[in-house]
Amino acid sequence: MTSDKNIGKPVPRKEGRAKVTGAARYVDDLSLPGMLYGVTVRSPVPRGRLVGVHFGDGIPWDEFTVVTSRDIPGANYVALILNDQPYLAETFVNHAEEPVLLLAHPDKYLLEEARRAVKLEIEPLPGVFDIEESLARAEVVWGEDNVFKTFLVEKGNVEGVWDTSDLVVVEGEYRTGAQEQLYIETNGVIAEASPGGGVVVRGSMQCPYYVHKALVKLFDLPEEKIRVIQTETGGGFGGKEEYPSLIAGHAALLAWKSGRPVKMVYDRAEDMLATTKRHPSRTRHRTAVTRDGRLVAMDIDFVVDGGAYATLSSVVLSRGTIHAAGPYNCPNVRIRSRAVATNVPPHGAFRGFGAPQSIFALERQLDKVAAAIGLAPDELRRRNFITKGETTATGQVIREEVDLPGLLDRAFELTDYHAKRERFARENKAGRVKRGIGFASFMHGAGFTGSGEKYLQSIVGCEATADGRVHVLSASTEIGQGTNTIFAQIAADALGLDYETIEVVRPDTADVPNSGPTVASRTCMIVGKLVESAALQIRETLRGAGLVGDAYTGEEWARACAAYVERNGALKTFTQYTQPEGVEWDDERYRGDAYGAYAWAVYVAEVSVDTLTCETRVEDFVAVQEVGRVIHPVLAAGQIEGGVAQGIGWALYENVVWRDGRMANGQMTNYIMPTSADLPPIRVHFFENPYAGGPGGAKGIGELPMDGPAPAILNAVEHATGVALDHVPLTPEALMDALAPEAVGA
Amino acid sequence: MRAYLPSYELAVPRTLDDALAMLRDEPGVWRPFAGGTDLMVLLEAGKLEHRKFFSIRHLSELRGVGDSDGRVRVGALTTYTDVRRSEPLTRHFPMLGRAARETGGIAIQNRGTVGGNIANASPAADTPPALLAYGAEVELISASGARRVPYAEFHTGYKRTVMRADELVAAVLLPRPREGARHYYRKVGTRRAQAISKVCFAALAEVEGDTLGEVRVALGSVAPVVLRCPRTEALLKGRRVDGELSGAAAEELAREITPIDDVRSTARYRSRVARNLLAEFLSGLSAEGV
Amino acid sequence: MTEAPGKISISCTVNGEAVTLEAHPFARLLDVLREGLRLTGTKEGCGEGECGACSVLIDGELVNSCLVPAAQAEGARVLTVEGVADGERLHAVQRAMIECGGAQCGICTPGMVLAAVNLLERTPRPTDADIREGLAGNLCRCTGYTKIFDAVVRACER
Numbered sequence: 013m014t015s016d017k018n019i020g021k022p023v024p025r026k027e028g029r030a031k032v033t034g035a036a037r038y039v040d041d042l043s044l045p046g047m048l049y050g051v052t053v054r055s056p057v058p059r060g061r062l063v064g065v066h067f068g069d070g071i072p073w074d075e076f077t078v079v080t081s082r083d084i085p086g087a088n089y090v091a092l093i094l095n096d097q098p099y100l101a102e103t104f105v106n107h108a109e110e111p112v113l114l115l116a117h118p119d120k121y122l123l124e125e126a127r128r129a130v131k132l133e134i135e136p137l138p139g140v141f142d143i144e145e146s147l148a149r150a151e152v153v154w155g156e157d158n159v160f161k162t163f164l165v166e167k168g169n170v171e172g173v174w175d176t177s178d179l180v181v182v183e184g185e186y187r188t189g190a191q192e193q194l195y196i197e198t199n200g201v202i203a204e205a206s207p208g209g210g211v212v213v214r215g216s217m218q219c220p221y222y223v224h225k226a227l228v229k230l231f232d233l234p235e236e237k238i239r240v241i242q243t244e245t246g247g248g249f250g251g252k253e254e255y256p257s258l259i260a261g262h263a264a265l266l267a268w269k270s271g272r273p274v275k276m277v278y279d280r281a282e283d284m285l286a287t288t289k290r291h292p293s294r295t296r297h298r299t300a301v302t303r304d305g306r307l308v309a310m311d312i313d314f315v316v317d318g319g320a321y322a323t324l325s326s327v328v329l330s331r332g333t334i335h336a337a338g339p340y341n342c343p344n345v346r347i348r349s350r351a352v353a354t355n356v357p358p359h360g361a362f363r364g365f366g367a368p369q370s371i372f373a374l375e376r377q378l379d380k381v382a383a384a385i386g387l388a389p390d391e392l393r394r395r396n397f398i399t400k401g402e403t404t405a406t407g408q409v410i411r412e413e414v415d416l417p418g419l420l421d422r423a424f425e426l427t428d429y430h431a432k433r434e435r436f437a438r439e440n441k442a443g444r445v446k447r448g449i450g451f452a453s454f455m456h457g458a459g460f461t462g463s464g465e466k467y468l469q470s471i472v473g474c475e476a477t478a479d480g481r482v483h484v485l486s487a488s489t490e491i492g493q494g495t496n497t498i499f500a501q502i503a504a505d506a507l508g509l510d511y512e513t514i515e516v517v518r519p520d521t522a523d524v525p526n527s528g529p530t531v532a533s534r535t536c537m538i539v540g541k542l543v544e545s546a547a548l549q550i551r552e553t554l555r556g557a558g559l560v561g562d563a564y565t566g567e568e569w570a571r572a573c574a575a576y577v578e579r580n581g582a583l584k585t586f587t588q589y590t591q592p593e594g595v596e597w598d599d600e601r602y603r604g605d606a607y608g609a610y611a612w613a614v615y616v617a618e619v620s621v622d623t624l625t626c627e628t629r630v631e632d633f634v635a636v637q638e639v640g641r642v643i644h645p646v647l648a649a650g651q652i653e654g655g656v657a658q659g660i661g662w663a664l665y666e667n668v669v670w671r672d673g674r675m676a677n678g679q680m681t682n683y684i685m686p687t688s689a690d691l692p693p694i695r696v697h698f699f700e701n702p703y704a705g706g707p708g709g710a711k712g713i714g715e716l717p718m719d720g721p722a723p724a725i726l727n728a729v730e731h732a733t734g735v736a737l738d739h740v741p742l743t744p745e746a747l748m749d750a751l752a753p754e755a756v757g758a
Numbered sequence: 004m005r006a007y008l009p010s011y012e013l014a015v016p017r018t019l020d021d022a023l024a025m026l027r028d029e030p031g032v033w034r035p036f037a038g039g040t041d042l043m044v045l046l047e048a049g050k051l052e053h054r055k056f057f058s059i060r061h062l063s064e065l066r067g068v069g070d071s072d073g074r075v076r077v078g079a080l081t082t083y084t085d086v087r088r089s090e091p092l093t094r095h096f097p098m099l100g101r102a103a104r105e106t107g108g109i110a111i112q113n114r115g116t117v118g119g120n121i122a123n124a125s126p127a128a129d130t131p132p133a134l135l136a137y138g139a140e141v142e143l144i145s146a147s148g149a150r151r152v153p154y155a156e157f158h159t160g161y162k163r164t165v166m167r168a169d170e171l172v173a174a175v176l177l178p179r180p181r182e183g184a185r186h187y188y189r190k191v192g193t194r195r196a197q198a199i200s201k202v203c204f205a206a207l208a209e210v211e212g213d214t215l216g217e218v219r220v221a222l223g224s225v226a227p228v229v230l231r232c233p234r235t236e237a238l239l240k241g242r243r244v245d246g247e248l249s250g251a252a253a254e255e256l257a258r259e260i261t262p263i264d265d266v267r268s269t270a271r272y273r274s275r276v277a278r279n280l281l282a283e284f285l286s287g288l289s290a291e292g293v
Numbered sequence: 078m079t080e081a082p083g084k085i086s087i088s089c090t091v092n093g094e095a096v097t098l099e100a101h102p103f104a105r106l107l108d109v110l111r112e113g114l115r116l117t118g119t120k121e122g123c124g125e126g127e128c129g130a131c132s133v134l135i136d137g138e139l140v141n142s143c144l145v146p147a148a149q150a151e152g153a154r155v156l157t158v159e160g161v162a163d164g165e166r167l168h169a170v171q172r173a174m175i176e177c178g179g180a181q182c183g184i185c186t187p188g189m190v191l192a193a194v195n196l197l198e199r200t201p202r203p204t205d206a207d208i209r210e211g212l213a214g215n216l217c218r219c220t221g222y223t224k225i226f227d228a229v230v231r232a233c234e235r
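Protein chains in written order, with this note's numbering: chain E, 13 to 758; chain A, 4 to 293; chain C, 78 to 235.
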């Protein structure tokens with residue numbers, strides 16, 4: 013007896029009341045008896061050889077717990093992909109803010125005094141600080157050639173196309189900057205550890221099992237001796253995907269040595285300077301197009317700056333590579349990509365995960381191509397939009413109905429695009445404020461890339477208790493996006509029960525199976541589907557036992573559960589991911605079905621540029637997308653609005669100022685994220701096209717909104733000013749340099 | 004919180020006289036602490052070098068807006084919120100009202116004070132350019148009496164002022180601008196709230212017929228101090244407003260300011276924006292029939 | 078060394094209850110509330126008066142509690158998020174925040190709730206511009222603010 017009482021309805025957020033009353037407990041709100049505070053002593057230089065550590069006068073050092081790399085019981089690396097990042101530097105440091113030493117003490121004020129009193133003696137070595145320096149190998153700072161990873165995607169054959177006489181060839185180079193995730197709750201954990209009892213870590217995180225895996229290696233302990241518990245988490249956006257493994261290890265090492273619980277919560281400055289950011293990128297495009305606007309070839313060179321250690325860069329590069337050619341049908345595509353090393357803190361996961369970078373480049377390039385052949389930007393897209401049966405750059409055949417022209421029409425209708433396009437062009441001839449309107453069309457794949465989900469083999473459990481309540485057991489974390497709520501909706505409808513009957517258990521590796529990380533727009537589509545299956549199995553179990561029929565009331569359900577638990581002790585089911593039939597992926601050649609499903613979107617931005625100050629303001633923003641079925645209209649719209657806000661920040665405001673490999677503006681005062689006074693109304697519209705592989709027909713949604721704003725905004729700025737700008741963030745300073753002749757003395 | 008609190012002191016003198024006596028008895032040892040919107044930030048970052056402070060926020064005689072010899076007297080502890088709510092200030096000194104509204108957000112405006120904004124001596128502060136353009140005087144008090152200093156002479160260098168170690172800012176005195184004078188204030192800070200200015204521009208002009216009378220031009224964030232620009236003012240005074248004058252004045256202004264590159268902006272941007280804002284100010288005058 | 082020397086006694090009212098506590102006069106009100114009184118609903122987001130997560134009301138005015146030294150809380154009437162609801166009955170702003178999806182990760186929510194409560198006390202019928210200005214000192218990274226505006230509008234319709 014399934015129902016549709018919950019999916020598609022704006023049921024109240026599970027933890028809503030706790031959040032609006034201040035009752036929700038985040039890690040810094042917790043305290044354990046005898047707890048110490050911990051801090052990290054970090055390298056002030058970007059690259060060098062560590063020759064000494066000096067403990068200054070005036071500090072009662074005998075009261076402190078001090079941990080160095082020599083105190084590590086297991087392996088000194090953060091277990092992830094290449095395992096190249098040490099927990100604590102031994103001989104060399106490879107980026108500023110690299111952790112060298114840990115301190116713990118009960119008095120957090122004295123602890124800061126002590127941190128200042130530790131002087132690291134480091135002989136500096138020359139470093140490389142951006143993509144160009146890394147590619148030029150002025151210094152080799154990682155491996156043999158500074159390259160973490162390369163990919164090659166080939167479709168058709170781009171060679172030989174360029175000289176065809178009736179084609180127009182357009183080249184462009186595009187750059188994107190680092191971006192700080194800026195979750196309002198900084199990274200933090202509390203650890204307990206002892207050689208006898210193992211390690212318990214509570215903290216703010218997206219991926220409890222990533223932390224678990226890393227701690228197993230760090231302490232060389234069996235899996236059951238490590239327990240990781242997610243506390244209420246104040247935002248992640250990717251910034252709490254891999255980084256918590258590091259801070260959890262640090263706190264646990266201090267706890268291990270001191271024998272007391274240790275809390276480690278970064279302040280804002282440390283979080284901004286030391287933790288991961290979005291990968292900066294450089295993309296080069298060479299596009300061949302017929303004079304009537306058919307794409308013939310796209311040759312794309314995509315490079316991301318991974319920072320000092322490999323961390324997740326290869327996977328970020330992969331997603332950026334696959335999305336680089338967009339939702340267009342082009343017969344000949346070549347995408348070459350590299351992730352390179354520099355001596356800055358490792359860049360990491362951030363909503364979109366490489367795709368916003370390569371999509372920014374493509375959507376700017378297509379406006380440039382349209383201009384080169386005298387075609388309207390939307391007309392160029394219309395002539396090349398991918399449709400059912402056509403193939404993406406990786407050769408994936410699109411098997412679902414895709415209605416990009418319909419999304420475009422709707423977005424244009426909502427914004428009055430064509431009329432504004434014409435009116436602004438006319439009015440901009442006079443006046444100091446120029447207006448513009450632009451758009452981007454794009455797709456975003458949900459779930460892990462290629463065979464990723466097959467290797468992950470995620471598991472979700474459901475348990476029915478004797479009182480008829482159903483607990484969802486998964487490691488997928490609620491970080492604000494609504495996991496608890498949508499899982500409860502999915503399970504409730506699968507079982508035909510009330511939403512309130514379902515409880516989503518807090519992720520604790522001692523209690524929940526590994527349903528994989530909370531990343532990659534996979535929680536709803538992939539894990540949600542497993543929730544649906546596990547819930548259905550509960551029902552089948554009860555039915556098989558003859559305790560319920562096809563239809564039942566809540567009371568009958570509860571009685572059935574009670575009877576089953578009475579008879580068998582417990583009613584628990586687990587479901588494991590299996591790859592749907594017909595999905596093929598070739599890891600070697602990077603060909604095949606890159607993602608189970610894509611969300612499709614067209615975003616339109618309207619901007620004004622004040623030529624006196626070159627400040628760009630987004631005046632209106634419309635986001636139209638097809639995401640399968642919408643599970644929760646309020647939460648889904650909230651995801652889109654929040655992602656668009658971050659995209660606007662990345663496009664216009666958020667500028668990481670680097671000086672010798674360090675972030676020079678690591679304060680909220682000087683790293684400018686948009687306030688409520690800076691953002692336009694963000695208007696969100698969904699097309700629904702249920703996807704058979706997702707729960708209730710849903711696809712992934714979380715990362716999609718990060719992809720569109722930057723190119724849509726810069727396309728609008730070009731419309732407003734007549735100047736093509738190919739990098740984000742587009743600060744007023746950069747825009748003024750580009751517009752200089754018009755701006756001065758306006 | 005990176006400061007080691009036990010090495011700091013925050014005394015609370017009962018009265019203004021007690022506060023002034025502390026300054027007299029141990030000059031240079033104690034410093035005043037008002038709304039805390041700047042000092043607490045430094046404290047938390049572990050960058051507050053001075054250690055001994057006394058709180059003055061409760062000294063109500065230093066707070067409020069009143070009249071003094073035909074001028075408007077703004078007590079040093081008057082908050083930005085007080086400024087915004089003061090009818091005489093927002094009516095006669097609209098640039099001050101606007102500066103208050105554009106400082107921080109509501110919570111900052113409730114704590115930050117006009118006197119603190121002056122005494123803190125940040126070149127990026129938002130009310131000082133307006134105060135300079137209005138020809139303000141600063142009243143300083145000490146146990147030995149009071150004195151008044153033209154605000155244009157108050158700042159002597161980066162974070163340096165004419166204040167003696169035994170003095171407090173008591174008030175700011177503002178002469179009422181002439182009826183019909185033109186006020187122009189613009190803060191450029193990238194985002195609309197909670198921003199530190201990249202350039203802050205304030206100008207007041209008296210216009211007679213088609214010529215400019217008294218003109219005051221002041222800027223923030225373009226020099227080590229908030230800057231009055233007397234050479235630009237002199238160039239403008241008594242002249243007809245036209246494109247030629249505007250161009251010449253912009254050139255003079257560019258020579259008068261000394262902006263720098265920092266984490267918030269560039270010298271080039273600041274210089275261009277300063278010139279553009281001057282041009283906009285002047286074109287606004289002519290557009291209204293000067 | 079755990080007890081900072083030079084502590085003073087501070088008396089004030091917190092959520093309607095008179096309290097007296099010992100604190101260093103320079104201790105942040107934020108820490109006094111969170112550690113001294115275990116009122117952990119008030120959050121630290123930046124420690125520089127920029128994000129508003131630590132917002133509380135003092136004598137009816139919105140402040141960043143990270144910028145208020147304990148000495149300046151003497152005699153103050155402090156309202157934190159824990160004191161906004163009337164027992165089990167949520168304030169209209171809190172109800173609207175749940176219904177409209179104004180809280181996602183929830184870390185900015187306590188400060189946002191207080192900023193909105195304060196806005197509606199000052200301006201019971203706020204315009205769109207009033208709402209944007211009234212909340213501009215409270216940063217939210219999750220929502221893009223749209224749903225928070227919706228919540229304020231719904232709260233004042235009640």
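Each residue gets a CB set at the ideal place from its N, CA and C atoms; glycine is no exception.
The structure displayed is predicted, hence computed values, not measured ones.
- Interface criterion not met: the Cβ of tyrosine 49/E is under 7 Å from no Cβ in chain C.
- At a cut-off of 7 Å between beta carbons, leucine 230/A makes no contact with chain C.
- In the DSSP assignment, phenylalanine 36/A falls within the beta strand (DSSP E) that extends over 34-36.
- Apart from the 5 residues on each side of it in sequence, arginine 87/A sits with its Cβ closer than 8 Å to the Cβ of Thr93, Gly100, Ala103, Arg104, Gln112 in its chain, given in chain order.
- Within 10 angstroms of the beta-carbon of isoleucine 263/A lie fewer than 16 other beta-carbons, which makes it exposed.
- At a cut-off of 7 Å between beta-carbon atoms, leucine 468/E makes no contact with chain A.
- Under the three-state reduction of DSSP, asparagine 496/E is assigned to helix.
- For glutamine 242/E, DSSP records a beta bridge to Gly215/E.
- In summary, the residues of the segment 661-687 of chain E whose CB is separated from some CB of chain A by less than 7 Å are Tyr665, Val669, Ala676, Asn677, Thr681, Asn682, Ile684, Pro686, Thr687, in the order they occur in the chain.
- Thr157, Val158, Glu159, Val161: these are the residues of the segment 147-161 of chain C whose beta carbon lies less than 8 Å from some beta carbon of chain E, given in chain order.
- Assigned with DSSP and collapsed to three states, lysine 229/E falls in helix.
- Among the CB atoms of chain A, one or more fall inside 7 Å of the CB of threonine 625/E.
- Separation of cysteine 474/E and lysine 541/E (C-alpha to C-alpha, rounded to the nearest whole angstrom) is 13 Å.
- For histidine 297/E, the three-state secondary structure derived from DSSP is strand.
- Serine 488/E places its beta carbon 7 Å or farther from that of serine 545/E.
- Proximity of chain C to lysine 31/E at the Cβ level (cut-off 7 Å) is accounted for by Ala180, Gly183, Thr186, in chain order.
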